[in-house]
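Have a look at the structure below, then the notes.
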Amino acid sequence: MATTPEPTKDRSAVRTLLRLWPYVRPVRTRLFTAAFVAVVASCTGLVIPLVLKWMVDGPVADGDTAGIWLGALYLLLLGFAEAGLFGLRRWLVARPLSNVEAEMRADLYRRLQRLPVAFHDRWASGQLLSRGTTDLMLLRMFLAFPLTFLLVNSVTILVGVIIMLLQDWTLGLVILGPALPVMVMCVIFERRYAVVARRAQDQVGDLTTVVEESVLGIRIIKGFGRHRSQARAFRDLSAGLRGTELRKARLLATIWAVIVTLPEVAIGAALVLGSVQVADGELSAGTLVAFLSTALALRWPVDSIGFLLAMSQEAATATERYFEVMDERPEEESGSGTEPATGDGGLRFDGVVFRYPDAEPGSPPTLDRIDLHIRPGESMALVGATGSGKTTLTALVPRLHETTAGRITLDGEDITAMPRAELRAKVAVAFEEPTLFSASVGENVLMGADGSAGAAELERALGVAQAAFVHQLPQGTATQVGEQGLSLSGGQRQRLALARAVVGTPRFLVLDDPLSALDVHTEAAVEAALRQVLAGTTALIVAHRPSTVLLADRVALLSGGRITAVGTHQELLRGNAEYAHLMSGTGRQEDDR
Amino acid sequence: MTAPTTSSPTTDDAPDDLGPRAAGDPFDHDVLPTPPGATGTLLRSLLAPMKARVALTTLLLLLQQAAVQAGPLLVAYAIDRAVPAFRADDHGPLIAVGAGYLLCALLSGGLQYAFLIAAARVNQDVLLDLRGRIFRHAQALSVDFHERYTSGRLISRSTTDVESLRELLEEGLQELVTVILSFLYISAMLLWLDLGLGAVAVASFVPLYLLVRTYRRRAARVYTARSTAIAAVIVKFVETMNGIRPVRAFRREAANDADFRVLNRRHERTNGDALIEMARYVVGSRLVANTAVAAIVLWGAHRVSDGSLELGVLAAAVLYLRRLYDPIDRLGMFLNSYQSAAASLEKIAGLLAQTPSVPEPSVPRELPAPPGELPGREVVFDGVAFGYRTGGEVLPRFDLTLPAGQTVAVVGSTGAGKSTLAKLLARFYDPTRGRVLLDGVDLRELAVPELRRGVVMVTQEAFLFSGTVAENIAIGRPDASREEIERAAKAIGAHEFISALPDGYDTDVRKRGGRISAGQRQLVAFARALLADPAVLILDEATSSLDVPGERAVQSAMATVLKGRTAVVIAHRLSTVEIADRVLVMEHGRIVEDGGPAELIAGTGRFADLHRAWRDSLA
């Protein structure tokens with residue numbers, strides 16, 4: 001009946017699980033102590049049948065009352081010890097294991113925040129979330145139970161088998177009979193289960209993605225009355241998950257049935273053989289009782305191996321999924337900032353080429369040999385057709401994406417030569433899609449400045465962005481907004497995002513179509529205020545409309561991935577047909593547009 | 001949250017989009033107000049359809065336990081009867097013991113297999129049902145609900161909360177039934193073997209029961225706290241991942257790490273609390289159990305030695321006793337998963353108890369056939385007023401008729417109520433008073449498919465779902481052919497950029513090269529709306545990210561596409577007005593000007609003023 005589970009473990013699963021070591025290391029003392037305590041507790045349980053044997057063959061047979069009392073006292077003490085030890089084991093690991101889970105989650109979060117934006121473009125956030133929640137809970141459970149109990153049960157089984165062999169080696173061998181077939185079955189089971197477990201976890205991730213999208217895209221689903229087809233898609237996915245889970249259940253049921261049946265058959269055989277030996281007087285009744293109680297005491301350790309292995313396998317899969325993300329390379333901090341400044345001020349693009357890292361190898365780059373110089377204090381509008389790469393170009397300045405070739409300099413300093421934090425402190429950005437975080441209005445705006453900015457700066461920035469509406473909010477600038485707060489309209493969010501960009505009076509300002517959601521009056525007021533700010537700032541402003549273009553001193557036209565013209569609005573309007581077309585919508589040059 | 005006990009603050013002056021939150025809002029809490037007993041009702045309703053299968057599963061377990069528990073009985077029989085019989089050269093009883101044991105072994109294995117499969121089926125079907133219910137219910141709830149219940153919470157309802165029910169079903173229920181059954185079996189066996197010893201064993205149930213009760217009470221508190229803590233973690237996680245660009249650009253990483261640390265620590269603490277409660281329980285239950293074993297052995301041994309009890313019976317009793325108390329730990333594990341599932345189920349029940357504020361009609365009406373050749377329909381706002389449930393009227397009572405086929409531009413400053421007007425027409429909200437009629441039929445009486453053939457709204461936020469570009473357009477009309485999809489894209493000027501994508505219309509928007517700019521997304525959203533081919537089309541800031549030629553292209557497409565349709569266009573760019581037959585100017589929730597564009601421009605009102613400002617902005 002006995003089998004030690006270690007040899008049955010798939011090598012790669014063990015290797016995968018070993019990667020958890022750095023996280024387990026800080027709590028290793030407690031974990032090992034707990035495992036040791038559990039082994040001792042388990043073995044204490046195995047001593048109980050021996051006391052029984054001693055009682056049956058000794059005091060009970062002899063009618064020794066004092067001996068019976070002594071035996072019962074031993075039992076009581078052993079029982080107390082067992083209870084105390086099991087409690088101690090749980091108490092030892094309770095806090096440390098929660099801590100391991102929390103640390104792993106914090107690390108995942110930290111890493112995700114620092115992975116390139118391109119990574120996030122590729123990964124559905126549902127898949128990331130399921131790694132940060134379900135998978136980590138699985139890992140905590142693995143550390144708490146299967147890991148300890150695979151060890152504890154192996155030792156218990158080993159000790160139990162030794163006790164049985166010592167009592168009667170023939171019966172012991174009978175009990176050991178099923179060990180080999182059970183081991184073989186476990187190996188086969190492990191292999192198959194690994195595949196299905198991974199599929200189930202991935203399907204959970206997909207399901208999470210659908211849930212998330214259905215929540216984020218609710219207005220579209222409602223607007224087109226598509227909640228039924230959405231529900232159908234969801235049902236198909238969850239039915240797929242159900243299928244996988246049932247296959248898991250079938251595998252588990254098979255191995256479990258084997259693990260339950262074979263040892264039980266062996267115990268039955270031992271019972272018959274033992275009875276024959278007792279009848280022949282070769283064995284004492286007490287020994288047979290002790291032998292069988294030991295065998296039965298080993299039932300749980302043996303029975304549980306099936307699900308302990310299953311849980312370990314799932315934990316290995318969860319580990320694999322976790323490290324898939326952790327193994328991604330975060331944005332690298334570039335080398336020393338010793339690059340000599342070229343003395344050339346402002347923001348300069350020098351032969352910048354950009355191709356998305358996941359683009360088809362042969363496709364033309366999104367941005368090709370961009371040369372553009374924005375002089376210190378100058379503001380430059382960036383104009384181009386929809387999808388011409390304007391937003392991509394702006395993302396290169398704060399290094400949300402890395403240039404493929406060429407270089408960008410701020411006041412002569414290569415942006416790849418300075419630490420990202422420093423670069424991003426110098427360059428403030430307002431995105432086309434304004435995102436507010438779960439924090440107060442004030443905190444959301446002041447994010448754009450270093451800690452030094454206070455109420456005065458906040459007021460000034462809100463003034464520039466014409467965001468006086470915040471004072472009418474229930475708690476003024478202390479009102480919570482974002483995911484967990486008041487939902488603001490697109491125009492209101494955009495104005496707060498703009499305020500965030502200007503609050504720190506940055507040296508460099510990148511604005512991606514910052515006024516698209518504003519009404520005409522507000523836009524005019526914002527423009528007037530923004531002019532003051534722009535007077536002392538080097539700025540790159542993506543613009544779709546003449547009114548926004550007029551904020552800038554000069555205009556650059558982005559076309560076919562290249563800067564095709566630079567000049568003032570009036571110059572380009574007169575001299576460049578494409579520009580005139582983009583600004584007025586008339587005089588179209590492409591007939592198929 | 002510090003909710004003032006006074007009446008809710010007046011939000012009369014709250015602008016358009018600010019309404020739904022006020023102090024003391026139940027949405028500030030993770031658990032929505034749940035009617036008493038809703039959790040139990042939910043669980044019952046989930047299990048009700050599979051009564052027969054639950055019964056079968058239980059029966060399988062019953063038989064399996066019977067087979068398992070027969071073992072010690074056979075041991076007693078072997079020692080007390082078969083051994084003496086064997087000595088007397090009667091081999092029959094021992095052969096019977098062997099055969100019986102073999103049979104029990106095979107039965108317990110086979111029944112275990114059958115039970116596990118049957119149980120897995122029931123569990124998976126319950127989960128499938130529950131997942132579907134949450135999803136469908138969330139989809140049925142109004143936009144107004146979604147604006148208040150954060151997406152992170154909704155996601156945690158359908159992920160971690162369902163997960164904890166899964167644990168209960170997979171491990172917990174089986175444990176519970178096994179525990180109860182083995183308690184019953186073993187108590188019966190013990191009583192049958194020897195009344196006195198059995199009575200001692202049964203008496204030990206009293207302290208065990210008290211222990212379980214105390215544990216249950218203490219654990220309930222801890223588990224609710226834990227489930228709330230993990231929901232907060234998820235909300236923060238989702239928010240960060242969805243806003244990763246600004247997180248980067250504003251160097252929020254460190255601050256976020258710190259925030260996350262706080263939430264994560266709270267979860268870690270409650271998690272540890274839960275595990276410690278469990279440890280307490282295990283110690284207590286083991287103490288009771290092992291004391292009872294010692295007491296029974298003491299008494300039984302005395303009786304064997306004075307000859308009033310057979311040795312085999314004592315042996316069987318002790319074997320049974322070990323098994324009797326073995327499942328107590330597992331009872332703890334059941335309570336564990338039960339508490340955590342109960343906390344989750346309560347939240348799910350709270351979500352499911354939310355009635356959609358925009359319900360589907362029980363007896364839907366059909367729209368009358370369009371009167372003429374043209375697809376447009378007449379829209380009437382009949383004595384409509386709107387305010388959020390938390391108070392404050394956003395749109396005071398008004399009447400408005402939009403004749404079939406008319407294109408109406410709605411202008412006004414941010415927060416004037418334009419979007420609310422559009423949402424009422426799209427039935428994202430229902431009016432507080434009055435009716436919105438489409439060709440004389442109240443929107444509330446239209447089934448969703450009929451309503452969406454009537455009215456479709458395109459909003460400024462152009463969200464793309466996972467899948468190909470073609471699939472995203474086809475959301476407008478799922479049965480549309482590829483030609484129809486391409487025609488819609490061509491009409492709106494989106495064909496060009498879509499064809500340039502790596503796989504054209506089959507490009508996955510999340511995969512290689514599938515990057516689509518904000519303006520392009522808006523074009524996709526437009527194509528989607530065109531494909532839907534509604535009688536009434538609402539465009540809410542739908543061109544804000546387009547460049548001038550893009551907007552022009554959309555407008556010229558609109559001029560043909562909208563012909564004969566009723567259209568409501570909300571735009572800050574007054575260029576839209578060029579295609580409008582009529583202009584409504586809104587301010588503070590009221591329509592302050594209403595007339596033809598030329599007429600209003602010529603006048604001296606707000607629109608003339610706005611228009612002048614806009615002309616200036618064109619430079």
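Sequence order for the protein chains is U and A.
By the count of UniProt numbering, the first sequence reaches residue 593 at its end, each step adding exactly one.
By the count of UniProt numbering, the second sequence reaches residue 619 at its end, each step adding exactly one.
Positions of the beta carbon are idealized from the N, C-alpha and C atoms, including for glycine.
* Identify every residue that forms a DSSP beta bridge with Ile541(U). => Ala381(U) and Leu511(U)
* Alpha carbon of Ser229(U) to alpha carbon of Thr468(A), nearest angstrom -> If you take the alpha carbons of Ser229(U) and Thr468(A), they lie about 16 Å apart.
* Alpha carbon to alpha carbon, how far is Glu393(A) from Asp12(A)? Give it in angstroms, no decimals. => Confidence in Asp12(A) is poor, its pLDDT being 30 and thus under 50, which makes the residue's placement too unreliable to answer from.
* Can at least three beta-carbon pairs, one atom from the region 66–73 of chain A and one from the region 87–106 of chain A, be found at a separation below 8 Å? -> yes
* **CB-CB length for Leu540(U) against Leu382(U), believed under 8 Å** => 6 Å
* To do: Starting from the Cα of Ile234(A), find the closest Cα among Ala220(A), Phe260(A), Val212(A) and Tyr223(A) and give me that residue.
  => Minimum Cα distance to Ile234(A) is reached at Phe260(A).
* To do: Have a look at Val211(U), Ala535(U), Glu527(U) and Ala395(U) and flag the residue whose alpha-carbon is nearest the alpha-carbon of Arg545(U).
  => Among Val211(U), Ala535(U), Glu527(U) and Ala395(U), the Cα nearest to that of Arg545(U) is on Glu527(U).
* Under three-state DSSP, which class holds His471(U)? -> helix
* Asked: What are the start and end residues of the beta strand (DSSP E) that includes Asp540(A)?
  -> Val536 to Asp540
* **Gly132(U), buried or exposed, once every other Cβ within 10 Å from all chains shown has been counted against 16** => buried
* Label Leu531(A) either buried or exposed according to how many other C-beta atoms from any shown protein chain fall within 10 Å of its C-beta, with 16 as the threshold for buried. => buried
* Where the beta strand (DSSP E) containing Ile370(U) begins and where it ends -> Bounds of the beta strand (DSSP E) holding Ile370(U) are Leu367 to Ile374.
* Please compile the residues from chain U whose C-beta is within a distance smaller than 7 Å of the C-beta of Tyr215(A). => Ordered by position in chain U, no residue passes the 7 Å Cβ test against Tyr215(A), which lies about 13 Å from the chain.
* Anything in chain U within Cβ reach of Trp614(A), meaning under 7 Å, just list it in chain order. => Here the neighbours are Val520.
* Considering Arg590(A), what are the terminal residues of the beta strand (DSSP E) in which it resides? -> Arg590 to Gly595
* Under three-state DSSP, which class holds Ala22(A)? -> Residue placement at Ala22(A) is poorly supported in this model, since its pLDDT is 36, which falls under 50; the coordinates are not used for a value here.
* Asked: Using a Cβ-Cβ distance under 7 Å, would Val272(U) count as near chain A?
  -> yes
* Which two residues bound the contiguous alpha helix (DSSP H) that contains Phe437(U)? -> Unbroken run through Phe437(U): none, as it is neither H nor E.
* Taking the alpha-carbon positions, what's the Thr355(A) to Ala349(A) distance? -> 12 Å
* What is the C-beta distance between Leu63(A) and Val212(A), in whole angstroms, given that I count them as a contact (C-beta under 8 Å)? -> Their Cβ separation, rounded to whole angstroms, is 27 Å, which puts Leu63(A) and Val212(A) out of contact at 8 Å.
* Answer with buried or exposed for Lys426(U), where buried requires no fewer than 16 other C-beta atoms within 10 angstroms of its C-beta. => buried
* Asked: Can you name, in chain order, every residue of its own chain whose Cβ lies under 8 Å from the Cβ of Arg95(U), other than the five neighbours on each side?
  -> none
* Measure from the alpha carbon of Leu404(U) to the alpha carbon of each residue in Phe431(U), Ser284(U) and Phe354(U), then state which is nearest. => At residue 404(U) the sequence reads Thr, which differs from the Leu that was named. The shortest Cα separation from Thr404(U) among Phe431(U), Ser284(U) and Phe354(U) belongs to Phe354(U).
* **Whole-angstrom distance between Thr548(U) and Leu402(A), CA atom to CA atom** => 34 Å
* Asked: Between which two residues does the beta strand (DSSP E) harbouring Glu393(A) extend?
  -> Glu393 to Leu402
* **For Gly172(A) and Phe115(A), the rounded distance between their alpha carbons** => 15 Å
* Asked: Which same chain residues, not among the five before or five after Tyr185(A), have their C-beta less than 8 Å away from its C-beta?
  -> Gln65, Ala66 and Gln69
* Asked: Opposite Arg348(U) in the DSSP bridges: which residues?
  -> Within the DSSP bridge table, the entry for Arg348(U) names His373(U) and Thr409(U) as partners.
* Return the first residue and the last residue of the beta strand (DSSP E) that Arg81(A) is part of. => Careful: Arg81(A) lies outside any beta strand (DSSP E) and carries neither H nor E.
* To do: On the DSSP bridge assignment, give the partners of Glu587(A) in chain order.
  => DSSP lists Arg590(A) as partners of Glu587(A).
* Could you say which of Gly172(U), Gly63(U) and Gly560(U) lies nearest to Val304(A) if we only look at CA atoms? => Gly63(U)
* Spatial neighbours of Met457(A) within its chain, please: CB distance less than 7 Å, with the 5 preceding and 5 following residues excluded, ordered by chain position. => Ala422, Ala426, Ile538 and Asp540
* Taking just the CA atoms, how far does Ala269(U) sit from Thr170(U)? -> 11 Å
* Using a Cβ-Cβ cut-off of 7 Å, state whether Ser559(U) counts as contacting chain A. => no
* Residues of the region 234–247 of chain U with Cβ closer than 7 Å to any Cβ of chain A, in chain order -> Going along the region 234–247 of chain U in chain order, one finds Phe234, Arg235, Ser238, Ala239, Arg242, Glu245 and Leu246 with a Cβ nearer than 7 Å to chain A.
* **Residues of the region 357–372 of chain A whose Cβ lies closer than 8 Å to any Cβ of chain U, in chain order** => none
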